[in-house]
Structures are given as structure tokens and as C-alpha cells.
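Residue numbers (our numbering), protein chains in the order written: chain E, 1 to 198; chain S, 1001 to 1198. See structure below.
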């Protein structure tokens, strides 16, 4: 049995480790790239090199940046006294897409976890606490995932900052366009407890 | 609204064009890579550069090669008078994994298509015809997909080589482990017509 060239096998193996890809889809992607050397393979290789050369973590908030600080931390118009705490850069992008938040962020990069030995320092929480005074923060909005780990971390941060700054969290309820029949009981219960006058 | 750095956006856009990925999964993959610069991003960029620098089409059969001819065409033990015609390098790899074929290949790189203006030259069919005499081929096995395009192309090749060499095709029937109840009627019909004494 002849095997693919070793450079191809190495590429397939690396691709197969990406989230959402497996050995089969990695083979498909690599063949697609090899077939389209000029249009796909070379541009993708160049784009990866560019990101590898320039992308780093914002020293202030943990967002992806191309300089020491990210675009948001360098934008004086975003200094409105609000910090939104998110688990991940993907969550930051999701918040930005809403165009409903004009403040700054703190990206945890994960959640507290005794099992995985993730402590407050790993999430940059001392750095977050220091920003409250340094940036004149008046409110910290916790936008963590509604998972057990996310909520545990949210409670820890709320305790940490209690008395120093107003701490709020995203409202829980029925998603826009959501049909009650398809929602889990927990969401409906939360929406009922948080009901509002019309 | 702040957008991701342009190098990141460019990478996401290229990733989203890969087969099986979309904008959402491309974002996930790129964040995964940026988070794991050393273990994932840099090795993947290097692997892509290596493939871009070395991978080319075998001048004889169309397989992926790192020299003018691929490993299989350069291996004298594979010169057994058999050529297996496949649509794609992925199909060649699938045949190789079976370890049931010890001859050489001809990779079409597609199927005949009047709509997409793919003619016999685009599939290297004159080159295939020339190999019959040059390599002392005694049998050409058509292992094309059991799709309309694949079968149309198979018939064209069978006509092209008729009288010059024995042309065979893969048997059609019930897949190994296949349950009749879940098979389409066409497959069951083909298996019935090709029934064999026990």
C-alpha cells in the first residue's frame, strides 16, 4: 500500500486536530487545497503566516490584537466606564456583532476549574480588579455562558468585585424568535421568574 | 462595532471557503489556532508552506507527487499490467487503503461534462491511451463513482480503449455489512441481476 507523501500526511494530521474536523474531512480539505494551489493553498499559508507573525493577546483585556493593546482598548470612545466580561474572544465578537455595547472588555480565556487547575490568575482576574480604579469603571457586566462553569465563575467575580463597583449580568429569558414549545424548562422558568409588566 | 484585526478576518474568510467549513466553523478554527499559536498555528502554517513548495501532479498518472512521478509510478513492483482509473486522488487513497490493488493508477481529476466544458484532454485520456502500449497494460479497471457523470465517463473510456485492452469495472452489489432494508432499490436491483451461485 502506497501512502500519500509525508508532507501531505503531516498536513492532514494537523488539519484533523482542528475543532469540527476529523481525519476524513481533513483529507477532503487537504485535497481541495492541493488541487487549488494558487487560489487556496498559497493564500491560506500566507494568511496563517501573517496571523502567526502579528496576532497576540491584548495586554489589557485579552482580546486578539496586532499591537500591545487591541483596537477596542486603544479607542478612547470606548472608555465609557463599562467593562463586559466574556469567556472567549468568540463571545467578544458575538457581543460586538449586536452593536449594543459601547464599552470595553475583559476576556477570561476560560472558566475557573479546580479539576483543570484554572485559578483566578489564569483568567486575569487581578488585572481586571486593577482596571476598576485605573480606568474609572462604574459597572462590570458579566456575559458568561449560562453553563455551570460559567455561572460559578460569574459568582466568583461578583464576590471579588463586590462593594467596589456595580456588577450586573445578562438577563435570562426567552430568546428572540424562540418558540416556547421548543425551549427547555429551565429557560421558561427563568423567563417566568423575571417576568416584566407589558 | 469593532471588527477582528484584518489579518484574522482574511484568515477566517479563506478558512470559510474550505469544503465542510462555513463562516461560523471558520471563526472557531481560527480562534483555536490563535489560542494555540505554538502547538497549532505555526506548525499548520509551516505544513502548508511545505506542501505548497513540494506537492505537484505526477506527470504520468495525476496522483499527488513530490517529484515528477509519484511513488506508485516509480515503484517497479507496481508494473503488473493493470491500471485503475479513478476520478480523484481521494479515490486512489481509498483504493490503496483496501490493499487489494497492486497495479498503477490514472487519476482523471474529474468527469466529462459538456456543461463545465470538461473534455477528454482535461481528464488526460490521450495520456491514458498512450500508456496502454508504453507500459504493456493488459487491463484497465474503471473505478469511477456510481453517479451519472462517473458512469458516462466510464462508458466513454470503455469505448475509447475498446479492442486495445481489456476494460473492466468494479462490481456493483450489496456493501459489506449492508442491511437490505436500508439500501436503495437500485443497489438491490443491481445486486440481484449480478447474483452468484453460493
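Think of the CB as a built atom: it goes at the ideal place given N, C-alpha and C, for glycine as much as any other residue. Keep in mind it's a predicted model, so treat the numbers as computed, not measured.
Of all residues in the region 53-68 of chain E, the ones placed with a Cβ closer than 8 Å to any Cβ belonging to chain S are 54, 55, 64, 65 and 66, in chain order.
One finds nothing in chain E with a Cβ atom closer than 8 Å to the Cβ of residue 1174/S; even the nearest lies about 23 Å away. Cβ contact annotation for residue 1129/S (same chain, cutoff 8 Å, sequence separation greater than five): 1160, 1161 and 1164, in chain order. Closer than 9 Å at the C-beta level to chain E, one finds no residue of the region 1130-1157 of chain S. Less than 8 Å separates the beta-carbon of residue 66/E from that of residue 1007/S. By the C-beta density criterion, residue 117/E is exposed, having fewer than 16 other C-beta atoms within 10 angstroms. For residue 1079/S, no chain E residue has a C-beta closer than 9 Å to its own C-beta; the minimum C-beta separation is roughly 13 Å. Here the region 72-92 of chain E does not lie against the region 1049-1067 of chain S, with fewer than 3 beta-carbon pairs under 8 Å apart. Around the beta carbon of residue 1195/S, fewer than 16 other beta carbons lie within 10 angstroms, which makes this residue exposed. Annotation: the continuous alpha helix (DSSP H) that includes residue 51/E extends over 42-54. Residue 1152/S sits away from residue 1180/S, with the two beta carbons spaced by 8 Å or more.
At a cut-off of 8 Å between beta carbons, residue 1096/S contacts chain E. Looking at the DSSP output, residue 84/E shares a beta bridge with 105/E and 141/E.
Contact between residue 78/E and residue 102/E is confirmed by a C-beta separation of about 6 Å, below the 8 Å threshold. For residue 115/E, the closest of 187/E, 88/E and 149/E by C-alpha to C-alpha distance is 149/E.
Close to chain S, meaning a Cβ-Cβ distance shorter than 8 Å, are the following residues of the region 2-17 of chain E: 2, 3, 4, 5, 7, 8, 10, 11, 14, 15 and 17. With the criterion set as a beta carbon lying under 8 Å from some beta carbon of chain E, the members of the region 1021-1035 of chain S are 1021, 1025, 1027, 1028, 1029, 1030, 1031, 1032, 1033, 1034 and 1035, in sequence order.
Taking a cut-off of 8 Å for Cβ pairs, the region 1024-1034 of chain S and the region 29-40 of chain E do not touch, as fewer than three such pairs fall below it. Residue pairing of residue 1064/S in beta bridges, as defined by DSSP: 1057/S. Of the candidates 25/E, 24/E, 183/E and 20/E, 20/E places its Cα closest to the Cα of residue 1025/S.
Among the bridge pairs identified by DSSP, residue 1169/S is matched with 1142/S. Around the beta carbon of residue 1177/S, fewer than 16 other beta carbons sit within 10 angstroms, so the residue counts as exposed.
Within 9 Å of the CB of residue 1076/S, no CB atom of chain E is found; the nearest one sits about 13 Å away. Along the region 89-113 of chain E, the positions whose C-beta sits under 8 Å from a C-beta of chain S are 89, 90, 93, 96, 97, 99 and 109, read in chain order. Membership of residue 23/E in the alpha helix (DSSP H) is indicated by the continuous run 23-35.
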